[in-house]
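Read the structure below first, then the notes.
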Amino acid sequence: MAAGQGKGGKGVGGKGKVGTKRINQRKTAKASIEGITKPAIRRLARRGGVKRISSFVYDDTRQVLKGFLEGIVRDAVTYTEHARRKT
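In the working numbering, the protein residues as written are 49 to 135.
In structure tokens:
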């Protein structure tokens, strides 16, 4: 064992420590956009100065937020690929 490497972990030239592999069995029934909850939208509206919100607003807000975030992620990926970064 190399000095200063310890018992496990990923050392230089080592094979790494192998633990128990678990598979996540959780079902993804709902779309990730539904993770933007009604209270989260209400908090954003309160920050914008909105006092009262119609029930029809929530789905429209999710779609607008999805489009906005798609643009942000697209730009971030463009910058990352240009700099040749992987992570």
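No residue lacks a Cβ here, since even glycine has one placed at the ideal position from N, Cα and C. Quick caveat, the model's predicted, so the values are computed rather than measured.
Residue i versus residue j: straight-line alpha-carbon distance, rounded
{"i": "Ile-89", "j": "Val-105", "result": "9 Å"}
{"i": "Arg-151", "j": "Glu-82", "result": "Since the first and last residues shown for the chain are 49 and 135, residue 151 lies out of range."}
{"i": "Val-98", "j": "Val-121", "result": "27 Å"}
{"i": "Pro-87", "j": "Asp-107", "result": "13 Å"}
{"i": "Lys-114", "j": "Ser-103", "result": "19 Å"}
{"i": "Thr-128", "j": "Lys-134", "result": "7 Å"}
Simplified DSSP state of residue i, which is helix, strand or coil
{"i": "Ile-71", "result": "coil"}
{"i": "Lys-134", "result": "coil"}
{"i": "Lys-99", "result": "coil"}
{"i": "Ala-79", "result": "coil"}
{"i": "Ile-84", "result": "coil"}
N- and C-terminal bounds of the alpha helix (DSSP H) containing residue i
{"i": "Lys-114", "result": "105-130"}
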